[in-house]
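In what follows, a structure is listed as structure tokens, so that the remarks can point back to it.
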Amino acid sequence: MQKFNKVLIANRGEIAIRIIRACKELGITTVAIYAEEDKLSLFRRKADEAYLIEDHRGPVDAYLNMDKIISLAKKKNVDAIHPGYGFLSENAEFAKKCEKEGIVFIGPSHVMMRQLGDKIQSKIVAHKVGVPTIPGVEKPIGSDEEAIEFAKIAGYPIMLKAAAGGGGRGMRIVKTEDSILKEFKSAQNEALKAFGNGDIFIEKYLEEPRHIEVQVLGDNYGNIVHLFERDCSIQRRHQKLIEFTPSLSITQEQREAICMDAIKIAKSVKYKNAGTIEFLVDKNENHFFIEMNPRIQVEHTVTEMVTGIDLVQSQILVAQGYALNSTEVGIDSQESIKMVGAAIQCRITTEDPHNNFMPDTGKLEVYRTGGGYGVRLDSGNGFTGAEISPYYDSLLVKSTAFARNFQDARQKAVRAIKEMEIEGVKTNKDFLINVLEHPTFIEGKCDTNFIDNHPELFK
Ligand code: ADP
Numbered sequence: 001m002q003k004f005n006k007v008l009i010a011n012r013g014e015i016a017i018r019i020i021r022a023c024k025e026l027g028i029t030t031v032a033i034y035a036e037e038d039k040l041s042l043f044r045r046k047a048d049e050a051y052l053i054e055d056h057r058g059p060v061d062a063y064l065n066m067d068k069i070i071s072l073a074k075k076k077n078v079d080a081i082h083p084g085y086g087f088l089s090e091n092a093e094f095a096k097k098c099e100k101e102g103i104v105f106i107g108p109s110h111v112m113m114r115q116l117g118d119k120i121q122s123k124i125v126a127h128k129v130g131v132p133t134i135p136g137v138e139k140p141i142g143s144d145e146e147a148i149e150f151a152k153i154a155g156y157p158i159m160l161k162a163a164a165g166g167g168g169r170g171m172r173i174v175k176t177e178d179s180i181l182k183e184f185k186s187a188q189n190e191a192l193k194a195f196g197n198g199d200i201f202i203e204k205y206l207e208e209p210r211h212i213e214v215q216v217l218g219d220n221y222g223n224i225v226h227l228f229e230r231d232c233s234i235q236r237r238h239q240k241l242i243e244f245t246p247s248l249s250i251t252q253e254q255r256e257a258i259c260m261d262a263i264k265i266a267k268s269v270k271y272k273n274a275g276t277i278e279f280l281v282d283k284n285e286n287h288f289f290i291e292m293n294p295r296i297q298v299e300h301t302v303t304e305m306v307t308g309i310d311l312v313q314s315q316i317l318v319a320q321g322y323a324l325n326s327t328e329v330g331i332d333s334q335e336s337i338k339m340v341g342a343a344i345q346c347r348i349t350t351e352d353p354h355n356n357f358m359p360d361t362g363k364l365e366v367y368r369t370g371g372g373y374g375v376r377l378d379s380g381n382g383f384t385g386a387e388i389s390p391y392y393d394s395l396l397v398k399s400t401a402f403a404r405n406f407q408d409a410r411q412k413a414v415r416a417i418k419e420m421e422i423e424g425v426k427t428n429k430d431f432l433i434n435v436l437e438h439p440t441f442i443e444g445k446c447d448t449n450f451i452d453n454h455p456e457l458f459k
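Residue 210 in UniProt numbering sits at position 210 of the sequence shown, and the numbers go up by one each step.
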């Protein structure tokens, strides 16, 4: 057991605040890092200590500067680093460097990250334990010719995907042979630029799938549990916008099968800490593993609301060496985890739905939140007077509604967003309400193409 006295948060915005809160509740001192462009951001002031990381290459580089972050952590006697999501959270080299310097990386080991962070490798892991994966070529392709060969057998459309992909980048749907070369080159370039790795693989494109993912949590002793599923089918450009749990589009039998498959994958690598195992469910109700995210996710809030388990605190506790069934973590067994009620998270972004979701910037002249029973808000810079800069992602606040069932949670989600007054910067608030009030969403039966197929949402 290694009790943490001080944790450094290698992140910014809402997730930095979420982690700072978890640490404080556990009696741990928090250290924030920030880029010059974030000097007025709220997370900096919520931490016990905050230090500027100077990196003149650009506003995001401070959060990616492994050497400066680790050297600061050593200087300030930090026991552990929480990477949040994005930035260094899936960087195996960073996890390894932390370990070498005697600092705990709050997440899985670097070996696991290498195995699971890469979409090709993780498909191989799934395959080995008998979990279905989408038919495809499980190695990087060298040329468009290989994609053509695959499509001759599997048929169009096919999907080109970056092995290192994330955030919907490096992904292309190919409908005909004529466009393969162009799409292959552009996916490769995008992946190289975004991830420094241009490996592209192919799989069959599933028509109108639903995205169902399973939260897992493991300790350092091989104990692993799942915390049920999240339905993340409401997406724009393969990026999630609204997430909820439980899913209304799967049966209890499917839920059990999907959760068990997630456990199989996690157990096969003795997965440590929090992670998410993602699946697509096709029109024939078959589910396929697509990828594993070895970190906390933006949408973890909905799982916390229905299980009552604080995932970020659990991450910090298992990283200190507490077993899942210790009094501190408090998860006696899989059976002890119960899902009560329903939760829906909406990502309110400073984007203009009427202008192709272009990020908007400027001063928040007015920021008044929704609230009340069952409404949870996680925000990075939600306050009147805040400057919304163009340097980082455009997530303004996550509004999570929790109630006894999906319909009550949905009504609460609408009410909470309508209550919000935001002026000075454009947001997607009205668009979110249109989704929440759409008959297909009310039924809980949306697939991942829902937004593209419903132009009336933009009214
Ligand atoms: P990322 O890591 O970039 O988020 P994922 O592999 O998690 O990428 O996929 C993101 C989304 O892309 C999925 O939720 C789904 O909507 C879509 N997608 C991925 N693979 C396929 C596929 N083979 N067929 C259809 N849609 C897919």
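Don't be surprised by glycine CBs; every beta carbon is placed ideally from N, CA and C.
Range covered by the alpha helix (DSSP H) that runs through residue i
| i | result |
| --- | --- |
| LEU432 | 429–436 |
| THR440 | 439–443 |
| GLU190 | 180–195 |
| ILE53 | Unbroken run through ILE53: none, as it is neither H nor E. |
| residue 460 | What the structure shows of the chain is the stretch from 1 to 459, and residue 460 is not part of that stretch, so it cannot be assessed. |
| LEU42 | 42–46 |
Range covered by the beta strand (DSSP E) that runs through residue i
| i | result |
| --- | --- |
| ASP378 | 375–379 |
| PHE201 | 200–204 |
| LEU248 | Element bounds for LEU248: n/a, residue is neither H nor E. |
| LYS68 | Segment 66–75 is the alpha helix (DSSP H) holding LYS68; no beta strand (DSSP E) there. |
| TYR34 | 29–34 |
| VAL366 | 366–368 |
| ALA274 | 273–281 |
| GLU285 | Unbroken run through GLU285: none, as it is neither H nor E. |
| GLU37 | No beta strand (DSSP E) contains GLU37, which DSSP labels as neither H nor E. |
| GLU421 | 421–423 |
Straight-line Cα distance separating residue j from residue i
| i | j | result |
| --- | --- | --- |
| ALA151 | ILE158 | 7 Å |
| SER268 | ASP430 | 44 Å |
| ILE106 | GLY444 | 34 Å |
| LEU241 | PHE357 | 12 Å |
| GLY321 | LEU396 | 34 Å |
| GLU243 | CYS346 | 7 Å |
| SER89 | VAL435 | 31 Å |
| ASN77 | ILE180 | 52 Å |
| PHE94 | LEU116 | 15 Å |
| CYS259 | SER314 | 19 Å |
| residue 496 | LEU311 | The requested residue 496 is not part of the displayed model; the chain covers only 1 to 459. |
| MET113 | VAL216 | 15 Å |
| ASN284 | GLU291 | 20 Å |
| ALA386 | PRO135 | 47 Å |
| ALA73 | CYS98 | 10 Å |
| PHE279 | VAL31 | 35 Å |
| THR245 | LYS75 | 42 Å |
| ALA403 | LEU377 | 15 Å |
| GLY424 | ASN381 | 14 Å |
| ILE202 | ALA164 | 13 Å |
| SER333 | GLU207 | 37 Å |
| THR327 | PRO140 | 45 Å |
Under the three-state DSSP convention, the category residue i falls into
| i | result |
| --- | --- |
| ARG410 | helix |
| GLY222 | coil |
| GLY13 | helix |
| MET1 | coil |
| SER399 | strand |
| ALA154 | helix |
| residue 487 | The question about residue 487 has no answer, for the chain in this structure spans 1 to 459. |
| ILE234 | strand |
| GLU229 | strand |
| ARG172 | strand |
| ARG210 | strand |
| ALA163 | coil |
| ALA80 | strand |
| GLU25 | helix |
| VAL7 | strand |
| LYS363 | strand |
| LEU88 | coil |
| GLN254 | helix |
| VAL216 | strand |
| LYS459 | coil |
| GLU387 | strand |
| LYS240 | strand |
Below-8 Å beta-carbon distance, residue i vs any chain D residue
| i | result |
| --- | --- |
| ILE388 | In the structure shown, chain D does not exist; there is a single protein chain. |
Residue i CB to nearest heavy atom of the ligand FMN below 7 Å
| i | result |
| --- | --- |
| PRO390 | Ligands present in the displayed structure are limited to the ligand ADP, and the ligand FMN is not among them. |
Note down, one range per segment and in chain order, each alpha helix (DSSP H) of at least 4 residues found wholly within the region 96–147. Along the length of the region 96–147, whole alpha helix (DSSP H) runs at least 4 residues long occupy 110–117 and 119–128, reported in chain order.
Check your reading: residues with Cβ closer than 5 Å to the ligand ADP heavy atoms: In chain order, the hits are ILE134, MET159, GLY165, GLY166, GLY168, GLU203, TYR205, LEU206, HIS211, HIS238, ILE290, GLU291 and THR448.
Unbroken stretches of the alpha helix (DSSP H), 4 residues or longer, contained in the region 306–360: Runs of the alpha helix (DSSP H) lying entirely within the region 306–360 and spanning at least 4 residues, in chain order: 311–320.
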